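A.B. asks:
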Amino acid sequence: MNRSKNRFPDETLSFATSAGIESASRQGLPSTTSRLSTGVTGFDEILDGGLVAHRAYLLRGGPGSGKTTLGMHFLAAGVERGETCLFITMGEPEAEIRQNAQAFTSILDKMHFLDLSPSASFFTEMQSYDIFSPAEVEREPITQRIMSSVEELRPQRVFLDAMTQFRFLNPDDFQFRKQVLSFLRFLVEQGATVLFTSEGSVSSPDDDLQFMSDGVIHLHFSPESRAISVSKFRGSDFQAGSHVMRLTDTGMRVFPRLLPQMHTQSFVQEKISSGVPEIDELLHGGIERGTISMITGPTGVGKTTLGLQFMKEAAGRGERSVVYTFEEIKETLLNRCEAVNIPVRTMQERGILSVIQVEPLRFTPDEFARVVRQEVEQQGSRIVMIDSISGYSLSLKGHDLVEHLHALCKYLQNMGIAVLLINEVTSVAGEFKVTEFGLSYLADNIIFLRYLELKGEMRRAIGVLKKRLSNFERTIREIEISRYGIKVGKPLTDIQGILTGDLRFMGQSDRES
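Shown next as structure tokens:
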């Protein structure tokens with residue numbers, strides 16, 4: 001064996017990966033500040049635009065966590081840009097990779113593979129080595145094959161699965177570290193951006209690879225969920241924390257945690273009318289854009305109908321609204337609205353209303369936030385209603401649901417959206433309670449609906465408890481919902497105790513005093 005052909009010399013030990021990048025820049029390669037898409041839109045957002053070019057990134061995760069899928073997305077994004085992309089596999093055979101990569105069939109023929117996985121003949125033709133160790137004998141031809149492929153193709157992107165296989169080709173950790181550093185420098189100097197995986201475990205950790213790489217990406221997998229996070233990203237900011245990830249038949253999708261402060265839009269904080277004069281009087285003109293309005297009350301009192309009344313009026317101005325219903329079947333909601341003179345089907349046909357039924361446990365809060373963002377940023381919706389807070393909490397998977405709802409509402413506020421939160425209280429009668437979720441602080445406006453028992457008949461009342469941006473009428477009025485729509489009466493000045501549930505009619509002397 002001729003060791004002089006080894007192109008990963010010992011003297012490169014003093015060069016870290018970043019040194020290789022600097023050398024590459026001096027050779028006229030593109031600036032390292034340029035970004036390369038990972039091919040996963042949500043993940044690019046986490047990385048503040050994508051991977052920094054001509055650097056090496058470690059992709060960590062257990063079996064089945066999605067490492068190969070992310071690597072394929074990375075290479076596919078390069079192929080679509082006309083770049084030369086190389087997949088180096090040291091474990092799974094190329095044929096199996098192609099067979100499993102159904103979501104990437106359109107670009108597989110344009111992707112280059114270097115298959116270094118052991119063939120079946122390796123087992124049947126096992127040899128014993130008398131002078132050199134098996135690792136030394138195997139390392140040389142593997143090294144030469146990688147060098148030949150890289151020098152011939154000059155790939156802009158390289159995905160290697162898995163770097164930890166080099167550990168078994170070196171006699172100790174010291175030699176392994178030297179070879180990996182030299183190998184990464186070689187790839188970067190050839191003009192490549194490198195994504196490589198590890199198969200770290202408790203017995204064989206990959207801490208050394210984390211130190212050597214320019215960035216570390218973690219894929220987390222549990223029976224309940226999948227997530228992605230970044231712990232290191234040289235030369236760039238990134239969104240810290242764990243972000244929801246999902247593997248589908250079309251590949252990987254990432255749903256970054258919603259950070260409201262990163263999304264703002266200028267808007268005029270004008271008032272939005274309900275179309276019912278008496279309700280507008282209660283609100284001193286209506287609700288404002290960029291505010292959160294909580295409509296609270298017991299079941300069946302008319303909360304959803306009131307929210308849709310604002311949308312009906314907005315439709316007359318040509319504005320688009322969206323309703324996310326977590327509890328009620330969509331068809332039932334449509335029928336109820338049509339029965340009270342809110343033409344929701346016509347509004348849908350005109351494209352100015354979208355009613356979306358959210359299936360229980362289908363989304364995590366971050367996935368649902370992405371759905372809402374698409375409706376706002378792509379469809380241009382100006383009013384968003386969540387029906388209801390309890391349905392949101394019960395239907396979405398995950399923890400800290402109140403925290404996620406807070407972030408979603410603040411994002412919508414920043415975008416100038418009028419938010420309607422439907423809140424159902426459990427008690428039909430008795431002392432008034434705004435919400436059982438401790439979210440009243442979030443609301444700019446609180447509109448409450450109550451049941452009244454008058455002369456043996458159930459009636460409804462409406463009032464405003466809170467309005468941050470303007471004054472409001474402090475009386476309570478009777479409200480009726482019929483096939484003609486919403487009708488609001490005069491203030492109920494003859495009745496006391498509506499909020500406490502202890503109704504008392506005032507006599508003439510009480511009114512005069």
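In the UniProt record's numbering, the protein residues as written are 1 to 513.
From the three backbone atoms N, C-alpha and C, an ideal C-beta is built for every residue, glycine too.
Computed from a predicted structure; not experimentally measured.
By how many angstroms is the C-alpha of Asn100 removed from the C-alpha of Asp130?
C.D. replies: Walking along the sequence shown from the start, residue 130 turns up at place 130. Walking along the sequence shown from the start, residue 100 turns up at place 100. Below a pLDDT of 50, predicted positions are generally treated as unreliable, and Asp130, at 47, falls in that range; no measurement from the model is reported.
A.B. asks: Per DSSP, which residues does Glu453 bridge with? Please list them.
C.D. replies: Counted from its first residue, the sequence shown places residue 453 at position 453. Met458.
A.B. asks: Checking 8 Å against the spacing of the C-beta atoms, do Leu59 and Ile287 come in under that value?
C.D. replies: Within the sequence shown, the letter at position 59 stands for residue 59. Within the sequence shown, the letter at position 287 stands for residue 287. For Leu59 and Ile287, no; Cβs fall outside 8 Å.
A.B. asks: Please state if the CB of Arg234 and the CB of Arg81 are separated by a distance shorter than 8 Å.
C.D. replies: Mapped onto the sequence shown, residue 81 falls at position 81. Mapped onto the sequence shown, residue 234 falls at position 234. Against a cut-off of 8 Å, the Cβ pair of Arg234 and Arg81 comes out as no contact.
A.B. asks: May I ask you to verify whether the segment 79 to 95 touches the segment 146 to 157, counting CB pairs closer than 8 Å and requiring at least 3?
C.D. replies: Because the criterion of three Cβ pairs below 8 Å is met, the segment 79 to 95 and the segment 146 to 157 touch.
A.B. asks: Given 7 Å as the limit, tell me if Ala162 has its C-beta closer than that to any heavy atom belonging to the ligand PLP.
C.D. replies: Although the ligand PLP was asked about, the structure shown includes no ligands whatsoever.
A.B. asks: Near Arg345, which residues of its chain fall below 8 Å by C-beta distance, leaving aside the five closest residues on each side in sequence?
C.D. replies: For the purposes of this step, residue 345 is taken as the residue at position 345 of the sequence shown. Same-chain partners within the cutoff: Leu334, Glu338.
A.B. asks: Along the chain, where does the beta strand (DSSP E) containing Met252 start, and where does it finish?
C.D. replies: Taking the sequence shown and counting its residues from 1, the one referred to as residue 252 is at position 252. Segment 251 to 255, the beta strand (DSSP E) holding Met252.
A.B. asks: Does DSSP put His220 in a helix, in a strand, or in coil?
C.D. replies: Position 220 of the sequence shown, counted from the first residue, corresponds to residue 220. In this structure, His220 counts as strand in the three-state DSSP scheme.
A.B. asks: Grab me the residues of Leu408's own chain with a C-beta within less than 7 Å of its C-beta, minus the 5 sequence neighbours each way, in chain order.
C.D. replies: Within the sequence shown, the letter at position 408 stands for residue 408. Excluding positions up to five away in sequence, the list reads Leu258, Ala369, Val372.
A.B. asks: Which residue wins for smallest C-alpha separation from Ala77, given the options Gly62, Thr41, Gln210, Pro277?
C.D. replies: The residue labelled residue 77 in the question sits at position 77 within the sequence shown. It is Thr41.
A.B. asks: Quick one: give me the first and last residue of the beta strand (DSSP E) that Lys433 is part of.
C.D. replies: Here the question's residue 433 lines up with position 433 in the sequence shown. Careful: Lys433 lies outside any beta strand (DSSP E) and carries neither H nor E.
A.B. asks: Tell me whether Ile446 is buried or exposed, calling it buried when 16 or more other Cβ atoms sit within 10 Å of its Cβ.
C.D. replies: For the purposes of this step, residue 446 is taken as the residue at position 446 of the sequence shown. When all chains shown are included, Ile446 counts as buried.
A.B. asks: If you drop the 5 nearest sequence neighbours on each side, which residues of the same chain put their C-beta closer than 6 Å to that of Leu306?
C.D. replies: Indexing the sequence shown from 1 puts residue 306 at position 306. Excluding residues within five positions, the ones whose Cβ falls inside 6 Å are Ile295.
A.B. asks: Kindly indicate which three-state DSSP category Val230 falls into: helix, strand or coil?
C.D. replies: Along the sequence shown, read from residue 1 onward, the residue named residue 230 stands at position 230. If DSSP states are grouped into helix, strand and coil, Val230 belongs with the strands.
A.B. asks: Report back the beta-carbon spacing between Glu478 and Arg459 to the nearest angstrom; my notes put them in contact at under 8 Å.
C.D. replies: Along the sequence shown, one-based indexing puts residue 478 at 478. Along the sequence shown, one-based indexing puts residue 459 at 459. At roughly 6 Å, the Cβ-Cβ gap stays under 8 Å, so Glu478 and Arg459 are in contact.
A.B. asks: What are the boundary residues of the beta strand (DSSP E) that Ser482 is part of?
C.D. replies: Counted from its first residue, the sequence shown places residue 482 at position 482. Here the beta strand (DSSP E) through Ser482 covers 477 to 482.
A.B. asks: Going by the CB atoms, is the gap between Glu375 and Ser354 shorter than 8 Å?
C.D. replies: Within the sequence shown, residue 354 is the residue found at index 354, counting from 1. Within the sequence shown, residue 375 is the residue found at index 375, counting from 1. Yes, they are a contact pair.
A.B. asks: Cα separation between Thr325 and Met111?
C.D. replies: Walking along the sequence shown from the start, residue 325 turns up at place 325. Walking along the sequence shown from the start, residue 111 turns up at place 111. Taking the straight line from one Cα to the other gives about 44 Å.
A.B. asks: Drop a sphere of 10 angstroms on the beta-carbon of Phe174, count the other beta-carbons inside from all chains shown, and report buried for 16 or more, exposed for fewer.
C.D. replies: For the purposes of this step, residue 174 is identified with residue 174 of the sequence shown, where counting begins at 1. It is exposed - the Cβ of Phe174 has fewer than 16 other Cβ atoms within 10 Å.
A.B. asks: Using the C-alpha atoms, what's the distance from Thr435 back to Ile498?
C.D. replies: Sequence index remark: in the sequence shown, residue 498 carries index 498 (1-based). Sequence index remark: in the sequence shown, residue 435 carries index 435 (1-based). Rounded to the nearest angstrom, the two C-alpha atoms are 17 Å apart.
A.B. asks: For Asp494, count the other beta carbons within 10 Å of its own beta carbon; 16 or more makes it buried, fewer makes it exposed. Which is it?
C.D. replies: On the sequence shown, position 494 is the one that residue 494 refers to. Result: exposed.
A.B. asks: First and last residue of the alpha helix (DSSP H) that includes Thr332?
C.D. replies: Residue 332 sits at position 332 when you count from the first residue of the sequence shown. Segment 330 to 339, the alpha helix (DSSP H) holding Thr332.
A.B. asks: Here's a check: name, in chain order, each residue in its chain whose Cβ is nearer than 7 Å to the Cβ of Phe176, leaving out the five neighbours to either side.
C.D. replies: Mapped onto the sequence shown, residue 176 falls at position 176. Within the same chain, Phe176 has close Cβ partners Phe166, Arg167, Asn170.
A.B. asks: Just to confirm before moving on: does the CB-CB distance between Pro93 and Asp115 stay below 8 Å?
C.D. replies: Taking the first residue of the sequence shown as position 1, residue 93 is located at position 93. Taking the first residue of the sequence shown as position 1, residue 115 is located at position 115. Yes, the Cβ-Cβ distance between Pro93 and Asp115 is below 8 Å.
A.B. asks: Under the assumption that Gln309 contacts Ile342 (Cβ atoms under 8 Å), give the Cβ distance between them as a whole number of angstroms.
C.D. replies: Your numbering for residue 309 matches position 309 in the sequence shown. Your numbering for residue 342 matches position 342 in the sequence shown. 7 Å between Cβ atoms; contact.
A.B. asks: Figure out for me which residue from Phe448, Ser393, Gln348, Ser204 has the closest Cα to the Cα of Val323.
C.D. replies: Here residue 323 refers to the residue found at position 323 of the sequence shown. Closest by alpha carbon: Gln348.
A.B. asks: Tell me whether Arg154 sits in a helix, a strand or coil according to DSSP, three-state version.
C.D. replies: Counting from one through the sequence shown, the residue named residue 154 turns up at place 154. Arg154 falls in the coil class under three-state DSSP.
A.B. asks: Between Pro118, Ser117, Met90, Val79, which lies nearest to Leu108 when the distance is taken from Cα to Cα?
C.D. replies: The residue labelled residue 108 in the question sits at position 108 within the sequence shown. Closest option to Leu108, Cα to Cα, is Val79.
A.B. asks: With distances taken from CA atoms, which of Gly191, Gly39, Asp161 is nearest Gly61?
C.D. replies: As a working note, residue 61 is residue 61 in the sequence shown. The shortest Cα separation from Gly61 among Gly191, Gly39, Asp161 belongs to Asp161.
A.B. asks: Just to confirm before moving on: does the CB-CB distance between Glu199 and Thr248 stay below 8 Å?
C.D. replies: If you number the sequence shown from 1, residue 199 lands on position 199. If you number the sequence shown from 1, residue 248 lands on position 248. Not a contact, by the Cβ cut-off of 8 Å.
A.B. asks: CB-CB under 7 Å to Glu274, same chain, minus the five flanking residues each way: which ones, in chain order?
C.D. replies: On the sequence shown, residue 274 is found 274 positions in, with the first residue counted as 1. One detail in the question is off: residue 274 reads as Ser in this sequence, not Glu. Correct list, in chain order: Asp280, Gly286, Gln309, Phe310, Glu313.
A.B. asks: Quick one: grab the DSSP three-state call for His284.
C.D. replies: Here residue 284 corresponds to residue number 284 of the sequence shown, with the count starting at 1. Note: His284 maps to coil in three-state DSSP.
A.B. asks: Using the Cα positions of Lys271 and Leu47, report the straight-line distance between them to the nearest angstrom.
C.D. replies: The residue labelled residue 271 in the question sits at position 271 within the sequence shown. The residue labelled residue 47 in the question sits at position 47 within the sequence shown. Computed Cα separation, rounded: 38 Å.
A.B. asks: Quick one: what does DSSP say Gly61 is sitting in, helix, strand or coil?
C.D. replies: Here the question's residue 61 lines up with position 61 in the sequence shown. Of the three classes helix, strand and coil, the one that applies to Gly61 here is strand, per DSSP.
A.B. asks: Please list, in chain order, all residues of the same chain as Lys490 whose beta carbon is under 7 Å from its beta carbon, the five residues on each side excluded.
C.D. replies: As a first step, residue 490 must be located in the sequence shown, where it is residue number 490. So the list reads Arg477, once near-sequence residues are dropped.
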